[in-house]
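Q:
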């Protein structure tokens, strides 16, 4: 998948105060249901200089910036490599989706090496991340009635199921619909509706979608129980060495 946003993201990368190791697009664009007014969620990792880490000042491990560029709302969040690596070790599916996003605004050899470690970072316990994220989004849907959190609920559950079965991080909902047999038939129509309005209401019967999401929770539980993924990550030392080498080269 190639980046199809009509934006000069290379200029955004060049504006950052420290080198970016990678920057990718996350959010609705990655999930496959952006609307015309969706913001662009850029996520990545930066590399602080050594003196920022060894002095008395607290290092700026996380940077967040929101701004308008050519009429599009941009949201950039990056972590210093060491912090990003720690997040990778915490069975956090969200950061692995950012790392492996095919919508790449900027990449380096270090990014490629980080991606190569992903298979050995995956565990059965990543199911907890997707189960929890789906629960949060479902509560947002119940309180707002909006389509966006409902689609996020479905997307999280299907990503978790696919991950448990295939050991692959796949966040693109239209792709997941074809990969997960239990995906509800209504999803392609909901995706079309979401692309028309970022904050449109979900034209669904709540009891029906509740039953579907509860069924997907059960599928996720079963997929986790039968998954061949290991119990723990297997590349802690390799990731440590990567962080050290990247810092020494800077």
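In my numbering, the protein residues as written are 19 to 268.
C-beta: ideal position from N, C-alpha, C; glycine also.
Keep in mind the model is a prediction, meaning the values are calculated, not measured.
Using C-beta distances below 6 Å, list every residue in its chain close to residue 143, excluding the 5 sequence neighbours before and after it, in chain order.
A: Same-chain partners within the cutoff: 109.
Q: Are the CB atoms of residue 63 and residue 94 nearer to each other than 7 Å?
A: no
Q: When we look at the beta-carbon of residue 27 and count the other beta-carbons within 10 Å, is it buried (16 or more) or exposed?
A: buried
Q: Ends of the alpha helix (DSSP H) at residue 90?
A: No alpha helix (DSSP H) holds residue 90; the beta strand (DSSP E) holding it covers 90-98.
Q: DSSP three-state call for residue 41: helix, strand or coil?
A: In the three-state scheme derived from DSSP, where H, G and I count as helix and E and B as strand, residue 41 is classed as strand.
Q: Taking 6 Å as the limit between beta carbons, can you name the residues of its chain near residue 70, skipping five residues before and five after?
A: 77
Q: State yes or no: is the C-beta of residue 42 within less than 7 Å of the C-beta of residue 119?
A: yes
Q: Check the DSSP bridge columns for residue 86 and list the partner residues they point to.
A: Partner(s): 91.
Q: Please return the same chain residues whose Cβ sits closer than 8 Å to the Cβ of residue 231, not counting the five positions on each side in sequence.
A: 152, 156, 171, 172 and 175
Q: With three or more C-beta pairs closer than 8 Å as the rule, is the segment 45-61 touching the segment 186-199?
A: yes
Q: Using only alpha-carbon positions, find the residue among 217, 267, 44 and 240 that is nearest to residue 96.
A: 44
Q: Roughly how many angstroms lie between the CA atoms of residue 253 and residue 128, to the nearest whole one?
A: When rounded, the distance between both Cα atoms is 15 Å.
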